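The block underneath contains the structure these notes are about, expressed in structure tokens.
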Amino acid sequence: MRLRTGHRLTLVTLTCLSLLGSLPSIAAPSVQAGFSPEGSAEQLVLKTIETAQYNIRLMGYSFTSPEVVRALISAKRRGVDVKVVLDEKGNRGKASVAAMNLLVNAGIPVRTVSKFKILHDKIIISDKNTVETGSYNFSRSAARSNSENALVIRDAPELARTYLQHWQSRWDMGKDWRSTY
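Note that the sequence shown covers residues -27 to -1, 1 to 154 in mature numbering (1 follows the signal peptide of the UniProt record, and there is no 0).
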């Protein structure tokens, strides 16, 4: 049986399409934005921490949020590998020292960086495929008083890899925080 050229092309196209249907689908990245002081920025940050299953890498400028501290400690207790890099000069106050002490005493490694005028990054990378970034400091002021934004990009392993490289470079230049109590 001989097929005409048009029929052959149709048959090849249909065969290819049927084969494509059996391939696993690749998730497209999803993006969410939140703002404060309305509350949605803090909720996105906490959700990013709470939904992590394997690892969390956080880097921040100001770190005083009891809610973020609790969420990170909870993640550690459920088996998530958590590490934190913070600006040294921006975290000398009582609330920051207390927050860092709580993390270290819970077994979460914390490093501070003093190489720059300020380390102004505010990011969370979780499970090597999710990135949270924006102006949102990990502080109560950011949640309640400031106009801030947070952006979460999920299912973005390439973006997460880029952010992890940046995070790692700052971790490598950091100094281990030792609990003061």
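No residue lacks a Cβ here, since even glycine has one placed at the ideal position from N, Cα and C.
Source: prediction; values computed, not measured.
Spanning the alpha carbons of Met73 and Trp150 requires a straight line of approximately 8 Å. Sixteen is the threshold: since fewer than 16 other Cβ atoms of the shown chains lie within 10 Å of the Cβ of Arg117, the residue is exposed. For Arg50, the closest of Leu132, Asn110, Leu76 and Asn64 by C-alpha to C-alpha distance is Leu76. Between the segment 99 to 107 and the segment 14 to 34, the count of C-beta pairs closer than 8 Å reaches three or more; the two stretches touch. Taking 9 Å as the cut-off, the beta carbon of Ser3 is found closer than this to the beta carbon of Ile126. The alpha helix (DSSP H) runs of length 4 or more contained entirely in the segment 25 to 62 are, from start to end of the chain, 39 to 50.
Under the three-state reduction of DSSP, Asp128 is assigned to coil, being neither helix nor strand. Note that the C-beta distance between Ala123 and Leu17 is below 9 Å. In the DSSP assignment, the residues bridged to Thr106 are Ile96 and Leu124.
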